[in-house]
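Note sheet for the following structure.
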Ligand SMILES: CC(C)(COP(=O)(O)OP(=O)(O)OC[C@H]1O[C@@H](n2cnc3c(N)ncnc32)[C@H](O)[C@@H]1OP(=O)(O)O)[C@@H](O)C(=O)NCCC(=O)NCCS
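In UniProt numbering, the protein residues as written are 1 to 178.
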């Protein structure tokens, strides 16, 4: 697939802006990956500085291959609040993912970032169906999905390898029409 372009102009609203990750963001990203809530809902995270740096290189290579595009979610002062991505581009579908550093939660940053990504994916990338998946016990993430207008479609049983076992997944979707 063709390289995924960086949005031009960059995606931004009155609460957040989305920009490429930079080397200088590694320490804040690393700290966020150690957060217990992040750890609880993630099956894997690079937990030392070298692996975070290597991961950023891999993400950029994945963008060039058209597989995934990862953004830093920042505030008006360019402070990193979290991350948001589009991934799994196939047959007009894509997935959306996000996380926030603990101090950035509770102010709508994830909701704003997902709304911006959805509008861009439908309007500029030609995505026809956006999927959002999360653990059945990840209620904060499910609220983000619902605030952004995603429709809950069901429970995918035993969907993913997770922490040595398997995990069900709640599946949400959003279409250009809602
Ligand atoms: C999932 C996660 C990003 C949700 O964070 P969050 O802060 O609850 O989400 P938002 O940034 O959308 O903020 C929503 C909160 O801000 C409030 N808020 C304030 N202003 C708002 C605005 N303008 N728009 C939307 N919400 C706003 C909402 O009321 C809401 O609080 P509530 O849930 O108590 O009602 C966060 O819990 C996280 O990083 N978890 C770990 C990683 C993870 O699980 N990622 C998802 C994997 S599927």
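The beta carbon of each residue, even a glycine, is placed where N, CA and C say it ideally should be. Model, not experiment: these values are computed from the prediction.
First and last residue of the uninterrupted alpha helix (DSSP H) at residue 152: From DSSP, residue 152 is part of no alpha helix (DSSP H) but of the beta strand (DSSP E) over 151-162.
Heavy atom of ligand 1 within 8 angstroms of residue 55 beta-carbon: no
DSSP three-state assignment for residue 11, whether helix, strand or coil: coil
Heavy atom of ligand 1 within 8 angstroms of residue 72 beta-carbon: no
Opening and closing residue of the alpha helix (DSSP H) in which residue 141 lies: 139-147
Under the three-state DSSP convention, the category residue 22 falls into: coil
Cβ-based neighbour list, residue 18, same chain, cut-off 8 angstroms, excluding 5 preceding and 5 following: 7, 10, 11, 12, 71, 72, 73, 74, 84, 113, 116, 117
Rounded C-alpha distance that separates residue 132 from residue 104: 21 angstroms
Pairwise C-alpha distance: residue 159 and residue 41: 14 angstroms
Residues of its chain near residue 101, where Cβ-Cβ distance is below 8 angstroms and the 5 sequence neighbours each way are ignored: 28, 31, 32, 35, 80, 81, 82
Same chain, Cβ closer than 8 angstroms to residue 202, neighbours up to 5 away in sequence not counted: Past the edges of the chain, shown from 1 to 178, lies residue 202, and the structure says nothing about it.
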